[in-house]
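Chemist: I'd like to ask some things about the structure below.
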Amino acid sequence: MTFNFTALLCLGLTLGLWMPLIRGSLPKPILRAHPDSVVYMGTNVTLLCEETIGAKECILYKNGYPYRKVTKNQQKPENKTGFSFLNVDQQDAAQYQCSYRTQAKSSDFSDPLELVVTGAYRKPSLSAQTNHVVTSGEYVTLLCESRLDYHRFILMVKGPQKLSWKQVSKFNYSTRMFQALFSVGPVTPNQRWICRCYSYYMNKPQVWSDPSEPLELLVSGKLQKPTIKSEPGSVIPSGKAMTIWCQGNLDAEICFLNKEKSQETWSTQTLQEPRNKGKFFIPSVRREHAGQYRCYCYSSAGWSEPSDTLELVVTGLSKKPSLLTHQGHILDPGMSLTLQCWSDINYDSFALYKVGESNIMQHPSQWTDTGLSMANFTLDNVSYSTGGQYRCYGLNNLSFEWSASSDALDILIRGQLFDTPSLSVKPNSTVHSGENMTLLCG
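In the working numbering, the protein residues as written are 5 to 446.
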């Protein structure tokens, strides 16, 4: 009896030495990346394996093979183990998992974590197929393309949900570009939609290109629309400075200025008092600034409606026309006034602008037998408010790119109140025969 018990005891101890660790009986760990699992080449990242307190060892696996091992400090039990990567490069891009073990048990592997390293190749471009201004609930199609023969494109949206889409690259014979189309949506007004796209090769799925320039979708929400205005005005000579103001509600955190039919968007996160105004300063207005603008505001409550449209006209881009009237510069109230704008350049239309007012009249041009283009602007039943200084401009194709201003034409209405002029003699009222005399009226 004693012999049998001793033999069994020895057999049990022997089997215990060779018995493998029992895997799967411990909670599965969680592997996370800090600050993110998509990191730029040369930066630092830490992979954190969260396990059960009491673990004696934590193992990190790279592409299914043991890569690093950390022995836990039993004097300071913790439930997280960090694996640091300094100055990451392409060799660090891989699929990682972790596991841990206690005295006699080992956990299952964590879910796989893809560590992606970006910046290895030239960046693609990202654009919206129609417009990046989207109504809440709609979809928008984004185009990611490159001249390089990448196998895959991936689109990512920055935000708490970390949305992403992958597409196979296709060659466009008309543009000679490799591209992919992404349908994004339905967009919601409760978050910002900042999109970037990357490209990569199939044999290196965790090594990506530089990111494209960011494209932010402007979501037309339901909050109160902001107001938009320009200083010193909406008709600006080329080369002059101007400021566009976007004023949202008091909760606005950031304002966006969008030029219609353009992919470009300006944003300002430093809003100015009073009443949270976004300032967009253009130090030197150029031809490409001409067009229609709207602004949007975003706050923690979501997106605003778009502002009204601001039409920005840039002048001085071609030869100035001439402005005249055949009725004289001084008129009686109730008369009809016709101002004629003409040029030896074949402008499609002319615009008449009264200095100090925002209303602008546009008329299509007519061509004379002498090769001149011209347009007549008739103001019926003139009144005191008609008086003032007028200028005209020439333009083509109803664009916002206008000619230089004509010389100013002053129109006076009889009976308007003016300061009574005074008459004086310079240098004095006593003049000797043969001397010069100057009369000053003012």
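All C-beta atoms, glycine included, are put in the ideal place defined by N, C-alpha and C.
Since the model is a prediction, treat every value here as computed from it, not as a measurement.
(1) Check whether the Cβ atoms of Ala59 and Tyr104 lie closer than 7 Å to each other.
(2) The beta strand (DSSP E) spanning Gln165 covers which residue range?
(3) State the start and end residues of the unbroken beta strand (DSSP E) segment that holds Tyr397.
(4) With a threshold of 16 other CB atoms inside 10 Å of the CB of Gly68, please say whether the residue is buried or exposed.
(5) Give me the residue from Met181, Cys199 and Thr192 with the minimum Cα distance to Trp169.
(6) Classify Arg395 as buried or exposed, calling it buried when 16 or more other Cβ atoms lie within 10 Å of its own Cβ.
(7) In chain order, what residues of the same chain lie with their CB nearer than 7 Å to the CB of Phe422, ignoring the 5 residues before and after it?
(8) Would you call Leu25 buried or exposed, if buried means 16 or more other Cβ atoms sit within 10 Å of its Cβ?
(9) Skipping 5 residues on each side, what residues in its chain have a beta carbon closer than 8 Å to that of Thr319?
(10) Thinking C-beta only, is Ser387 closer than 7 Å to Pro337?
(11) Please state the DSSP three-state secondary structure of Arg290.
(12) As a quick exercise: from Glu217, Pro218, Phe285 and Glu220, pick the residue whose alpha carbon is nearest that of Cys250.
(13) In terms of DSSP beta bridges, what is Leu119 paired with?
(14) Whole angstroms are fine: how far does the CA of Thr390 sit from the CA of Thr424?
(15) Could you check how far apart the C-beta atoms of Val121 and Gln94 are, in whole angstroms? I think they sit under 8 Å.
(16) Between Glu361, Leu90 and Ile63, which lies nearest to Pro236 when the distance is taken from Cα to Cα?
(17) Which of the three DSSP states, helix, strand or coil, is assigned to Ser1?
(18) I'd like to know whether the C-beta atoms of Ser213 and Tyr205 end up nearer to each other than 7 Å.
(19) Going by Cα to Cα distance, which pick from Glu217, Gln331 and Gln99 is closest to Ile455?
(20) Where does Ser271 sit, in a helix, a strand or coil, going by DSSP?
(21) Could you check the C-alpha separation between Leu90 and Asp312 for me, to the nearest Å?
(22) Nearest CA to the CA of Gly123: which residue from Val188, Leu219 and Val42?
(23) Where do the N-terminal and C-terminal ends of the beta strand (DSSP E) with Asp112 fall, by residue?
(24) Give the range of the beta strand (DSSP E) segment to which Tyr357 is assigned.
(25) Here's the rule: buried if 16 or more other CB atoms are within 10 angstroms of the residue's CB, otherwise exposed. What is Gly282?
(26) Closer than 8 Å by C-beta to Pro164: which residues in its own chain qualify, once you throw out the five before and the five after it? Chain order, please.
Modeler: So, from the data block:
(1) Counted from its first residue, the sequence shown places residue 59 at position 55. Counted from its first residue, the sequence shown places residue 104 at position 100. Yes, the pair counts as a contact, with Cβ atoms nearer than the cut-off.
(2) Taking the sequence shown and counting its residues from 1, the one referred to as residue 165 is at position 161. Gln165 -> no beta strand (DSSP E), and no H or E assigned at all.
(3) Position 393 of the sequence shown, counted from the start, is the residue given in the question as residue 397. Run containing Tyr397: Gly392 to Leu399, per the beta strand (DSSP E) assignment.
(4) To locate residue 68, count along the sequence shown from 1; it is residue 64. Exposed: under 16 other Cβ atoms inside 10 Å.
(5) Numbered from 1 along the sequence shown, position 165 holds the residue referred to as residue 169. The candidate whose alpha carbon is nearest that of Trp169 is Cys199.
(6) As a working mapping, residue 395 is identified with position 391 in the sequence shown. Note on Arg395: 16 or more other CB atoms within 10 angstroms of its CB, so buried under the neighbour-count rule.
(7) Your numbering for residue 422 matches position 418 in the sequence shown. In this predicted model, Phe422 has a pLDDT of only 49, less than 50, meaning its place in the structure is not dependable; the value taken from the coordinates is given anyway. Excluding sequence neighbours, Phe422 sits near nothing in its chain.
(8) Position 21 of the sequence shown, counted from the first residue, corresponds to residue 25. Because the pLDDT at Leu25 is just 44, under 50, the model does not fix this residue reliably, and the point stays unresolved.
(9) Locating residue 319 in the sequence shown gives position 315, counting from the first residue. Answer for Thr319: Val239, Ile240, Pro241, Ser242, Tyr397, Trp406, Ser407, Ala408 and Ser409, listed in chain order.
(10) As a first step, residue 337 is located in the sequence shown; it is residue number 333 there, counting from the start. As a first step, residue 387 is located in the sequence shown; it is residue number 383 there, counting from the start. A contact, by the Cβ cut-off of 7 Å.
(11) Working through the sequence shown from its first residue, we reach residue 290 at position 286. Arg290: coil per DSSP, three-state reduction.
(12) The residue you call residue 250 lines up with position 246 of the sequence shown. Restricting attention to Glu217, Pro218, Phe285 and Glu220, the CA atom closest to the CA of Cys250 is found in Phe285.
(13) Locating residue 119 in the sequence shown gives position 115, where the first residue counts as 1. In DSSP, Leu119 forms a bridge with Ala98.
(14) One-based indexing of the sequence shown puts residue 424 at position 420. One-based indexing of the sequence shown puts residue 390 at position 386. Because Thr424 sits at a pLDDT of 42, beneath the cut-off of 50, its placement in the model cannot be relied upon, and the point is left open.
(15) Mapped onto the sequence shown, residue 121 falls at position 117. Mapped onto the sequence shown, residue 94 falls at position 90. Contact annotation, Val121 with Gln94: C-beta distance approximately 6 Å; criterion of less than 8 Å satisfied.
(16) The sequence position of residue 236 within the sequence shown is 232, counting from 1. Checking every option, the nearest Cα to that of Pro236 belongs to Glu361.
(17) Nothing about residue 1 can be read from this structure; the chain reaches only from 5 to 446.
(18) Counting from 1 along the sequence shown, the entry for residue 213 is found at position 209. Counting from 1 along the sequence shown, the entry for residue 205 is found at position 201. Contact flag unset, no.
(19) Nothing in the structure corresponds to residue 455, since the chain is present only between 5 and 446.
(20) Residue mapping note: residue 271 aligns to position 267 of the sequence shown, counting from 1. If DSSP states are grouped into helix, strand and coil, Ser271 belongs with the strands.
(21) Reading the sequence shown from its first residue, position 86 is the one you call residue 90. Reading the sequence shown from its first residue, position 308 is the one you call residue 312. Roughly 50 Å between the two C-alpha positions.
(22) As a first step, residue 123 must be located in the sequence shown, where it is residue number 119. In this structure, Val42 is the residue among Val188, Leu219 and Val42 with its C-alpha nearest to the C-alpha of Gly123.
(23) Residue mapping note: residue 112 aligns to position 108 of the sequence shown, counting from 1. Segment: none, Asp112 is in no beta strand (DSSP E) and carries neither H nor E.
(24) In the sequence shown, the residue the question calls residue 357 occupies position 353. Membership of Tyr357 in the beta strand (DSSP E) is indicated by the continuous run Ser353 to Lys358.
(25) For the purposes of this step, residue 282 is taken as residue 278 along the sequence shown, with counting starting at 1. Result: buried.
(26) Counted from its first residue, the sequence shown places residue 164 at position 160. Closer than 8 Å at the Cβ level, and outside the excluded window around Pro164, lie Gln195.
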